[in-house]
Amino acid sequence: SSREHAVWVLEANDINVVIAESFARIFRQNMFNCGMLAIELPSEDIESILQMKGEVVIEIDLDKQKIKAKAQQDEKEFSFGMGSFEHELVVSGGWLAYADHRY
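Structure representation (structure tokens):
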């Protein structure tokens, strides 16, 4: 969606991270503008997380740009990329908080 409403639905439901193969450019930017994290991973990495047995807990290290997925005795780690400005938006809590702090 070219509007923030699609992201606001996630935010209203306490979802602040979305992991997918890819995102539409506008949706991805709206995620960061709202201080939320849009992580792109290859399909095989996503599939390996979905195949883990039991409850899967995902930890995200924003500074190291790493995802750790843990389930029972299984643990997997993946790297993701993001620009420094995107990182600042997430850390700040979104564009408005970033602008309030900077300007």
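Numbering-wise, the sequence shown is residues 1 to 103 according to my numbering.
We put the beta carbon where it would ideally sit given N, CA and C, even for glycine.
Query raised in the report: Nearest to F78 by alpha carbon, out of N33, L41 and I26?
Result: L41
Query raised in the report: Would a C-beta distance cut-off of 7 Å place C34 and V57 closer than the cut-off?
Result: no
Query raised in the report: Hey, out of A38, L89 and G54, whose CA is closest to K66's CA?
Result: A38
Query - Secondary structure of L157, DSSP reduced to three states - result: The displayed coordinates of the chain run from 1 to 103. Any statement about residue 157 would go beyond what the structure contains.
Query raised in the report: Mind checking whether E4 and N30 have CB atoms under 7 Å apart?
Result: yes
Query raised in the report: How many angstroms separate the CA atom of G93 from the CA atom of E86?
Result: 11 Å
Query raised in the report: For K76, which residues does DSSP report across the bridge?
Result: A69
**Report entry** Rounded distance between the beta-carbons of V17 and I49, thought under 8 Å
**Finding:** 13 Å between Cβ atoms; not a contact.
Query raised in the report: When the distance is taken between beta carbons, is Q72 closer than 7 Å to G54?
Result: yes
Query raised in the report: Relative to the C-alpha of K68, which residue among A97, D45, Y103 and M82 is closest?
Result: D45
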